[in-house]
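Numbering (our numbering), first residue to last: 2 to 57. From the three backbone atoms N, C-alpha and C, an ideal C-beta is built for every residue, glycine too. The structure appears below as structure tokens.
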């Protein structure tokens, strides 16, 4: 399994996982979100947010 740096934050009763995607690497975020957000077998969160470069 590849290493993935992330930050988990919470506010107002919600949990968020932030992933820095500024390196441009392509990932299957649908599959990754399901695994990471699972509260029993993953990190546990309500949302997965990715940080990317603007296209404008």
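Short Cβ contact (8 Å threshold) for residue 52 with residue 37: no
Would you call the CB atoms of residue 15 and residue 39 closer than 8 Å? no
Kindly identify the DSSP beta-bridge partner or partners of residue 29. Residue 29 is not bridged to any residue.
What did DSSP end up calling residue 23 once you bin it into helix, strand or coil? coil
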